[in-house]
Structure formats: structure tokens, C-alpha cells
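For reference, the structure is listed below as C-alpha cells.
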Amino acid sequence: MSKTQTADQITEARRESHLFYLSSLRRPLIDRAEGIYMWTQDGRRFIDGSSGPMVANIGHSNRNVLDAMKRQMDRATFAYRLHFENEPAEELARELAKKLPEGMDRIFFVSGGSEATESCIKLARQWAVATGQASRWKVITRFPSYHGGTLGSLSITGDDALAETFEPMMRVMPTVPAPTAWRDRDNLSMEQRGVRYADMLEEKILAEGPESVVAFIMEPIGGAATAALVAPDSYYARTREICDHYGILLIHDEVMCGAGRTGKFLGGDHWNCKPDIVALSKGLGSGYAPLGALAAPMRLVQPLLASGGFQHGHTYAGNPLACAAGLAVLGEMDRLDLIANAAAMGDVLMDGLKGLAKRFPFIADVRGKGLLTGAEMVADPETLRPIEQGEKATQRLLDLAYERGLIIYGRRVKGGVDGDNFMVAPPMIVASEQVGEIISIIGDSLEVLASELDLPVEGRG
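Per the working numbering, the very first residue in the sequence shown carries number 31; after that it's consecutive.
Below, the structure written as C-alpha cells:
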């Protein structure tokens, strides 16, 4: 490359040999990242207001994590789990079990969230077969929801936009409505609505045949498919009660809401709702190495061990370098008291988002826990009529924020086809003044969006 070429010219030249870039979403080349900030090669600074896709929980370039990884790199970067045990994996499993509900102490490491949720449903099925319940194979899921991109995890993902193309290649599982109680227009209290949504699970179990259902999988706090959706409090206990009654395993997908992000180590901890199986990833490795985990009690694992073992595995399962990173991440969470900070800064962030909702009435709902928050935008706040798809409101808002040096996240929340939202989920190290800057940039971006799409603004006729 000539030294006289601009950064944009160099970027364009390099991308000529790359595949699968959407030209409309092309972004500059990353140079470095530290804390909550990221810099591009042309010198621009961005606030990582979404922690990537809700991954970088402890922030970027944490020196203690990098040093721990370097120490492990000097010893061994790979050891296949069928040939060797490794100390980082063993120690990470012990430390992780201490943070999970009592008895949730059998850990299986994987490389990411899709592998984690798929491992959970495979464990559930193999447990059923090993315990003489081979008729149980259905996993009920919610619509909308997102549990991963592999065919197995996609089969339990309630998202038409992602799943429709691949339906002939997989067995799609039965769904129940996600508890979007805030949209309901009825005379019920939120507590009654929560019970009603949970009872839809019981109705589905009876319709499918209880003897055919092995598990129900849910995100305690919604991820990308529902933009940090939180159910009414009554939903969680009732769901647990229904699963127990029919002998069905409750799987919590904590890939996005777990690892401290919501102000508790697990999202389900907010309701003392104990699952049978947990999927973790994203914040567990915090972006330092591909890492995920399945966690389950011995009562589910022992029947598999007695019948020949878990018929499942991945090349990088329990990778020593990834586990060394994960162990250091947990250590930094404790050292910096980041879960408490996520709770405190989550309150500041929620106050700021609620302030924006007053200023911009087309924000119909603000929701979430801790530093996993979302807001839903509509064309008419009275009828909740969605913004026309052709307006591409979510992507436009993301672009406007990006132009102002802020990264936030968004996706359609009605099966991936309709409904506009944005998610704000900065790293757990964020400070109050940084939250203020995030809210300010979002406000400026919403002002432009409202003007472009003729959306209502407080005080503007």
C-alpha cells in the first residue's frame, strides 16, 4: 500500500478479498480497545455501549486477564479433553459452581452460546433416555426468542426471520408466547398477566402430551429477540411449578443475561428461580476467548455417566487458554465488585432511558435489569402500532448513534420481522458520567430520527 493512501482507501482495498460483508453495514477497521472505548485505525473513538453483542462484560484489554492468558500461553494453548485434564478448566468449573445455585456443580465447557444451548437440550434428551423416559423429546420454547444459530439451537429459537429458510433441515419445536405483558390491553394486573403467560406453557404441555415433553427453555431476561424483556414477577415461580408438576426440565438460557450483567450472577437469581440446567457464554469469557458452559446438577448427569457418558463434544471444549481467560474474568468481577456496579449503574441507566421515553413518546416501553436494558419504539404510543418496516428505524438509530461515536444494539422484536427496539448494555465497569454521555448521544440520535420519520416529541406539535 502507498503511504499516501487514505485509511478509507486501504480499508476498501483490503475488503475486496472478503466475503459476506453487507455493503450497507461496512464499518472501519478496529485498531485497539480499552475499558469501554474502542478506536479505529483512522483515529475515531467509540463508546462500546452494547459490549459488542453483550459480551465484553468486564471491559476491553483488562491487564490482569491478558496476563493470565499470557501465562497459560507460555505453558499450553491446547489440550484435547479426551487426552488430558487441564488445571484452568478444573479450577474454572469449581469457581463457577460457587456462583451458581446450590447443587449446580457439573460443568461442561464449550466455545459459545449456540453450543451451550444445544448442549443443554442434548443433555436433557440423553437424561430422559437414560432414565427410561425415551418418549420425551420435545423442547418447548418461547416466541419470539433467540437461542443460537446452529441447527439444533435454531430449532428452539422462535424467530421467523432466522429460522424460516432452514425449517426443512431441522425439527422445529413447539412454542408459547413470550411474556410481553406490557403490550396487553386488559383489566388484569401484572401479577395476573404473569400467571396467565405461564399457564400458556401448561396448556401447550397438555396439547403436546406431557409424556412427549422433556424441557422448557427460556431467557430469564430477554436477549436480542425481545430486547431485555422482563416478565411479571409471578411468571417465574409459576413456570417452575408447572415444570415440576409434569416432570419437565427447566432450562435457563443465561448466555446474555448471565455472568453478572444484570446485577446478579444469573438473571434468574432476581426471582430465586432455580433452573435444572443453565447455559452460559458471552460475559463468561467477556470477549477474551471463545467460551461457554453448560451447568447441571449431578442428579441429571449421573444417569448419563452410568449409561456410557455424554454423547456430545467439541474440539475446543474445555480449552485451557479459554478457561484461563474465563477464570481471570471471574476473578476481576470479584476484585472490582462489578456485579454490584452493574446493579448501581443499571439504576442510573434506567433512569436515563425513562427520561428519554418522556422526551420521546414513541418509546413505548423501557425494560431490563442492571446493565441489560432495552427500549421499544412505535409509530403510535396509544395503539402501539409499529413503525413501518420500510423506514428501517432501528438501523437508522444505530447508524445515527454510530456517527456520534456510540455503539448500541438493535433487532426487530416480533419474530425478527417487525417491531423496532434498541438495547443499551455497556461493560460492567462503566461509571455514572459515562452513562450520562451514552444517554446524551442516544437523545441526540433520537431527535434526528424523530425529525426524519415524523415521530412525536414532547413539546413539539
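We put the CB at the ideal spot given by N, CA and C, even for glycine. This one's a predicted model, so the numbers in the text were calculated from it and none came from an experiment.
On the criterion of 16 or more Cβ atoms from any shown chain inside 10 Å, does residue i qualify as buried, or is it exposed?
i	result
residue 241	exposed
residue 100	exposed
residue 265	buried
residue 141	buried
residue 114	exposed
residue 74	exposed
residue 199	exposed
residue 390	buried
residue 226	buried
residue 283	buried
residue 47	The predicted position of residue 47 is uncertain, since its pLDDT is 48 and thus under 50; a value taken from the coordinates is nonetheless stated next. Residue 47 should be labelled exposed.
residue 475	buried
residue 217	exposed
residue 34	The predicted position of residue 34 is uncertain, since its pLDDT is 48 and thus under 50; no value can be drawn from it.
residue 406	buried
residue 351	buried
Output the boundary residues of the alpha helix (DSSP H) element that contains residue i.
i	result
residue 324	Looking at the DSSP string, residue 324 is not in any alpha helix (DSSP H); the run it does join, the beta strand (DSSP E), is 322–326.
residue 355	350–365
Using DSSP bridges, identify the partner residues of residue i.
i	result
residue 478	According to DSSP, residue 478 bridges with nothing at all.
residue 63	68
residue 168	243
residue 78	437
residue 220	Its beta-bridge partners do not exist; DSSP assigns none.
residue 251	260
residue 453	404 and 439
By how many angstroms is the C-alpha of residue j removed from the C-alpha of residue i?
i	j	result
residue 107	residue 415	53 Å
residue 32	residue 67	Low per-residue confidence applies at residue 32: pLDDT is 47, beneath 50, and the placement is therefore not dependable enough to give any value.
residue 137	residue 257	28 Å
residue 339	residue 320	25 Å
residue 441	residue 336	44 Å
residue 133	residue 327	5 Å
residue 310	residue 357	14 Å
residue 300	residue 231	21 Å
residue 323	residue 412	43 Å
residue 343	residue 147	13 Å
residue 158	residue 92	42 Å
residue 109	residue 365	29 Å
residue 78	residue 102	28 Å
residue 175	residue 126	26 Å
residue 237	residue 204	10 Å
residue 291	residue 465	15 Å
residue 87	residue 456	8 Å
residue 247	residue 276	15 Å
residue 187	residue 379	29 Å
residue 165	residue 262	33 Å
residue 76	residue 82	11 Å
residue 468	residue 426	17 Å
residue 61	residue 302	42 Å
residue 435	residue 143	28 Å
Which residues bound the beta strand (DSSP E) around residue i?
i	result
residue 206	205–207
Does the beta carbon of residue i sit closer than 9 Å to a beta carbon anywhere in chain C?
i	result
residue 372	Absent from the structure: chain C. Only one protein chain is present.
Between residue i and the ligand HEM, is there a pair consisting of the residue's CB and a ligand heavy atom that are separated by less than 8 Å?
i	result
residue 366	Looking for the ligand HEM in the displayed structure turns up nothing, as the structure carries no ligands at all.
>> To test your reading of the DSSP string, which unbroken alpha helix (DSSP H) runs of 4 or more residues are found completely within the stretch 382–437?
In response: 423–433
>> In chain order, what are the residue ranges of uninterrupted beta strand (DSSP E) at least 3 long that sit wholly in the stretch 92–150?
In response: 136–140
>> Report the start-end ranges of each beta strand (DSSP E) in the stretch 266–345 that is 3 residues or longer and not cut off at the edges.
In response: 279–283, 307–310 and 322–326
> Residue ranges of each alpha helix (DSSP H) run of no fewer than 4 residues wholly in the stretch 172–208, ordered along the chain?
Replying inline: 181–184 and 190–193
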